[in-house]
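One structure is given here, and the rest of the page talks about it.
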Amino acid sequence: MSELDNETETAVSTEAALNFVEHYYRALESHRATIATYYMEPTTSSDGKALPTIVYNGRIYADGHAFQKAFLEEMPPTHFDLQSVDSHCLNPNYVPEGTQGSNPVADINMSVLVTVSGSVRLEASRSAPLQGFSESLILVPNIAATRRNTRGKPVKGYLVQSQTFRLVS
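Take a look at the structure:
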């Protein structure tokens, strides 16, 4: 694959980030049984670190399934109000873990740093107070992105490799 120019890197990372956050935060609010599908499958990086890395308000989760379970069983109803989404190409030549080279099913192998800030309501009542939050995500290409699921819908193009969420005052 040829090198991407800065304009293309920016356009691709922006589109990936906006598409991802639109669906991801909707899943956190009302489609919690799908949360794990937004995370890469557990693996070990070449330097021995377990992936994905998920830290949610100081609590560490082993993988997307553990995070989904916590959201289903422990989290109150949530409503997110996103105020800012920013993205940057982190690595324009990302090589997915467990592969020998570029992703053969993707045109662009880019990892993306996404920062999100906004407010979250941690109760069902609309009169409940909003609390600020900040989140950083590293998204990586989904090597199965061109495959279709059983309902004929495309699978997610990017998955979470690393996540850090923090409530702020």
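Residue 141 in this note's numbering sits at position 140 of the sequence shown, with consecutive numbering throughout.
Even glycine gets a Cβ: it sits at the ideal position worked out from N, Cα and C.
DSSP-derived helix/strand/coil call for Val169: The residue you call residue 169 lines up with position 168 of the sequence shown. In this structure, Val169 counts as strand in the three-state DSSP scheme.
Straight-line Cα distance separating Tyr57 from Ser85: Mapped onto the sequence shown, residue 85 falls at position 84. Mapped onto the sequence shown, residue 57 falls at position 56. Going from the Cα of Ser85 to the Cα of Tyr57 covers about 19 Å.
Exposure label - Asp64; buried when at least 16 CB within 10 Å: Reading the sequence shown from its first residue, position 63 is the one you call residue 64. Buried, because 16 or more other Cβ atoms sit within 10 Å of the Cβ of Asp64.
Simplified DSSP state of Gly49, which is helix, strand or coil: If you number the sequence shown from 1, residue 49 lands on position 48. In the structure shown, Gly49 sits in coil (DSSP, three-state: anything other than H, G, I, E or B).
Secondary structure of Arg33, DSSP reduced to three states: Mapped onto the sequence shown, residue 33 falls at position 32. Correct three-state label for Arg33: helix.
One or two residues paired with Gln164 in a DSSP bridge: What you label residue 164 is simply residue 163 of the sequence shown in a count that begins at 1. Answer by DSSP bridge pairing, in chain order: Ile55 and Leu138.
Anticipated Cβ contact below 8 Å, Ala125 with Pro78, distance rounded: Stepping through the sequence shown from its first residue, residue 125 is reached at position 124. Stepping through the sequence shown from its first residue, residue 78 is reached at position 77. Yes, they are in contact, since the Cβ atoms of Ala125 and Pro78 sit about 4 Å apart, within 8 Å.
Coarse secondary structure for Tyr95, derived from DSSP in three states: Within the sequence shown, residue 95 is the residue found at index 94, counting from 1. Of the three classes helix, strand and coil, the one that applies to Tyr95 here is coil, per DSSP.
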